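Notes follow once the structure below has been shown.
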Amino acid sequence: MLATVAVTLALALAGQSKIYDSVADLTTLSYDFILVGGGTAGSVVANRLTEDANVSVLVLEAGVTNEGVVDSQAPFLVLDMLMHPIWSYNYSTTPQIGLGGRVIPYQRGRILGGCSSHNGMFYTRGSADDFDRYAALTSDVGWSWGRLLPYFFKNERWTAPADQHDTHGQFDPAVHSTHGVTSVSLAGYPWPAGERVIQTTKEFPDEFPFNLDTNSGAPLGVGWLQFTIGGGERSSAATSYLSPTIQQRPNLHILLNAQVFRLLANTTAQGVTIHGVEFSHNESPALSTVTASKEIILAAGTIGTPQILLASGIGNKTALAALGIDAIVDLPSVGMNVSDHAAVVPTWSVPNNTNTVDEVRQNATRFEEAYREWNTSKTGPFTTIGVTHLGKLPGSDFETRYRRLESDVFHGFKDPSAGPRTPHIELKFAAGSASGLVPGHFFSINTAVVSPMSRGSITLNRTHPLTGPPLIDPGLLSNSFDVLALREGVKMARRFVEAKAWQGYILNEADPFANATTDAELDAAIRATAGTSSHLVGSAAMSARGAGYGVVDPDLRVKGTVGLRVIDASVLPIVPSAHTQAAVYVIAERGVDLVKAAWAQ
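Heads up: the sequence shown is residues -17 to -1, 1 to 584, going by mature numbering (1 follows the signal peptide of the UniProt record, and there is no 0).
In structure tokens form, the structure reads like this:
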């Protein structure tokens, strides 16, 4: 019912704003900059470019407005948001060899604000090592942790939690900003399981050390999780960077329901210049064209950006020829080398009188009470998602600790983590089951491999390369290291709930690992149940200017072209050891500064 109300309200509000819903309403078809995608990165770039009133920007967003979408606004309804076909690309992966041939859903945001409007709202920056590795791979110190920290601060506005509880000892104010754009806060509702998590760090300080702030650049340990939530509501790129006030800027035009198919290029002896895009509107077969006098900026995400590049003839010329597409720039790295975080969810039954997400989800009276509280005061369970803490483990000693378990895992490979401050495993402690819909009351620990070795690809649909959905192959668990890492992660989760803090709370282990005792049984259960964290990156990876691989240079310009840049998660050459939202905000903030600097010259 909430979803129906949200859709109606969103459609009504769309007609009141300056956002365009018809190509015919655009006052011009030529702009200084065209942004393909109004998602997390695109919203940032649109805001920053139009700070200069003399710069005109058109944002082409394939989705609908975020205004009035209650499922997006209320953090507790995140699963409803993810599953609703109006606000997501309902993609599926190719059969995953590492998952026994399973095909799994892969939702991506199809709404203004993109994935920041429908994700889990986790604010995790990653390790300093992650970004220092990007700097090394690109030969550009500008992508290092030290240089990017001011951009984290430029994006973040630290906000009190919805319940206004005392946050002393739950985060480090020295590594946060109160002057940014996107709200960041601690959980605003005290799920009781959270107290037991902190108590466990005191009982097992060597295995699970307490970390005051996992966003300091040194995330190893267990601490309080931070979210892009402010005042009990989701703070997305759309609500923060494209607020109604920003949308009123006369030099900013936003066209919704605009699906870009390909780029328009002029090819001369001097090279390939990208000057426009071709798109459909409201799923019409008719195509429209708009042009840019300065740059086209792709911000369509790790799936959408390579799809557009390949459809435009920018990619592996041999593969393109096989699809009947003439290559204008031979860039074999387009769509290749993508990486993601595979995850499983060890789960335990807890007493039925326990306050969990399951209780709120399954008890209609409790659900309505919680919704009314949120709707009235923006407090209560609806201000959270049931997760309050996370762990980043075990760090640089992974090889030493686990080589004895499977000596051939590292044979011929370098430790995939970015450095000594970087985790291999992430544990997210949740007061409920993964869906909240399984009958009963549960405690779960979402366990992800955040320094994976597995790699995959994004390629064009072989039957309908220009109009069909792309082939999404994240390559989950295609490398045996990732299976080992998840196996040890499950063992860590089990060890965690052996602390005295959980006595009388944890009753017994539930599916999917209830009957898995041997390593072989754990591995089988992992391959049978693992899914994606939807943190895919790398399909338009940045590399050093002279490198013969990669898609964009350190300034995010597409190699071999003029007038084309990529600013989104696809430029990250390796997935960070964190949820990618914070990293994408930083890519966008620095990326738009690179654009401004180029045109200032």
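Ideal Cβ positions, reconstructed from N, Cα and C, are used throughout, including at glycine.
Owing to the predicted nature of the structure, the values given are computational and were not obtained by experimental measurement.
Can you list, in chain order, the residues of its chain with a C-beta nearer than 7 Å to that of residue i? Leave out the 5 residues immediately preceding and following it.
| i | result |
| --- | --- |
| Pro453 | Ile286, Gln290, Ile441, Thr442, Leu443 and Asn444 |
| Ala153 | Sequence inspection shows Gln at residue 153; the Ala mentioned does not correspond to that position. Result list for Gln153: Leu169 and Trp207, in chain order. |
| Ala468 | His407, Ile408 and Val432 |
| Asn265 | Asn240 |
| Pro364 | Phe59, Tyr172, Val343 and Ala353 |
Could you pull the start and end residues of the beta strand (DSSP E) that residue i belongs to?
| i | result |
| --- | --- |
| Arg528 | Taken as a continuous stretch (DSSP letters only), Arg528 belongs to no beta strand (DSSP E), as it is neither H nor E. |
| Ala413 | Ile408 to Ala413 |
| Leu169 | Thr165 to Leu169 |
| Pro88 | Pro88 to Gly92 |
| Phe114 | From DSSP, Phe114 is part of no beta strand (DSSP E) but of the alpha helix (DSSP H) over Ala111 to Thr121. |
| Leu43 | Val40 to Leu43 |
| Gln242 | Ala241 to Thr251 |
| Phe193 | That residue, Phe193, is in no beta strand (DSSP E); it is neither H nor E in DSSP. |
| Tyr14 | Ser13 to Val19 |
Once DSSP output is grouped into helix, strand and coil, what is the label at residue i?
| i | result |
| --- | --- |
| Gly97 | helix |
| Phe187 | coil |
| Lys375 | strand |
| Ala275 | strand |
| Ser434 | coil |
| Ile80 | helix |
| Arg344 | helix |
| Thr256 | strand |
| Glu471 | helix |
| Asp8 | helix |
| Trp331 | strand |
| residue 610 | The question about residue 610 has no answer here: the residues shown for the chain are numbered -17 through 584. |
| Glu139 | strand |
| Thr285 | helix |
| Phe350 | helix |
| Asp456 | strand |
| Tyr172 | coil |
| Asn49 | coil |
| Asp551 | coil |
| Phe479 | helix |
| Val535 | strand |
| Leu235 | strand |
On a CA-only basis, which of the options is nearest residue i? Give me that one, please.
| i | options | result |
| --- | --- | --- |
| Val432 | Ser99, Pro88, Leu120 and Gly514 | Gly514 |
| His258 | Asp123, Thr544 and Pro173 | Thr544 |
| Val370 | Lys411, Asp155 and Asn320 | Lys411 |
| Ala294 | Gly318, Ala282, Thr274 and Ser271 | Gly318 |
| Tyr566 | Thr359, Val47 and Phe114 | Reading the sequence as shown, one finds Ala at residue 566 and not Tyr. Nearest of Thr359, Val47 and Phe114 to Ala566, Cα basis: Phe114. |
| Pro156 | Phe191, Ile2 and Asp196 | Asp196 |
| Gly296 | Phe244, Pro329, Ala493 and Leu270 | Phe244 |
| Leu555 | Tyr74, Phe105, Ser26 and Ser322 | Ser322 |
| Gly419 | Ser360, Gly458, Asp189 and Thr330 | Thr330 |
| Arg510 | Gln486, Arg548, Val535 and Val466 | Val466 |
| Asn335 | Val273, Val328, Lys375 and His424 | His424 |
| Thr23 | Gly439, Glu351, Arg548 and Ala282 | Ala282 |
| residue 592 | Ile280, Val473 and Glu50 | No information on residue 592 is available, as it lies outside the stretch -17 to 584 that the chain covers here. |
| Asn30 | Thr161, Asn138 and Val340 | Asn138 |
| Ala325 | Asn49, Phe464 and Ser316 | Phe464 |
| Met475 | Gly96, Leu459 and Leu505 | Leu505 |
| Ala57 | Arg355, Gly374 and Ser427 | Arg355 |
| Glu549 | Pro537, Pro559 and Ala145 | A small fix is needed here, since residue 549 is Val in this sequence, not Glu. Taking only the C-alpha atoms, the option nearest Val549 is Pro537. |
| Lys375 | Pro559, Lys361, Tyr117 and Thr362 | Pro559 |
In terms of residues, what are the limits of the alpha helix (DSSP H) holding residue i?
| i | result |
| --- | --- |
| Asn73 | That residue, Asn73, is in no alpha helix (DSSP H); its beta strand (DSSP E) goes Ser71 to Ser75. |
| Leu65 | Val61 to Met66 |
| residue 593 | Since the first and last residues shown for the chain are -17 and 584, residue 593 lies out of range. |
| Asn30 | Thr23 to Leu32 |
| Tyr224 | Ala220 to Tyr224 |
| Ala305 | Lys300 to Ala305 |
| Asp506 | Asp502 to Thr512 |
| Thr228 | Pro227 to Gln230 |
Cβ atoms of residue j and residue i: under 9 Å apart, would you say?
| i | j | result |
| --- | --- | --- |
| residue 594 | Ser223 | As displayed, the chain neither begins before -17 nor continues past 584, which places residue 594 out of reach and without an answer. |
| Ser127 | Ala527 | no |
| Gly109 | Asn102 | no |
| Leu18 | Val47 | no |
| Ala414 | Gly81 | no |
| Asn491 | Ala497 | yes |
| His447 | Ile181 | no |
| residue 589 | Val273 | Nothing can be reported for residue 589: it is not among the residues displayed for the chain, which extend from -17 to 584. |
Could you pull out every residue in the same chain whose Cβ sits closer than 8 Å to the Cβ of residue i, ignoring the five residues on either side in sequence?
| i | result |
| --- | --- |
| Thr77 | Val86, Leu454, Ile455 and Asp456 |
| Thr(-14) | Below a pLDDT of 50, predicted positions are generally treated as unreliable, and Thr(-14), at 41, falls in that range; no measurement from the model is reported. |
Quick one: what's got a C-beta closer than 6 Å to residue i's C-beta in the same chain, skipping five residues either side?
| i | result |
| --- | --- |
| Gly255 | With the sequence shown as reference, residue 255 is identified as Val, and Gly is not the correct amino acid for it. The residues are Ala248, Ile311, Val312 and Thr544. |
| Ala201 | Arg404 |
| Ser400 | His407 and Ser434 |
| Lys579 | none |
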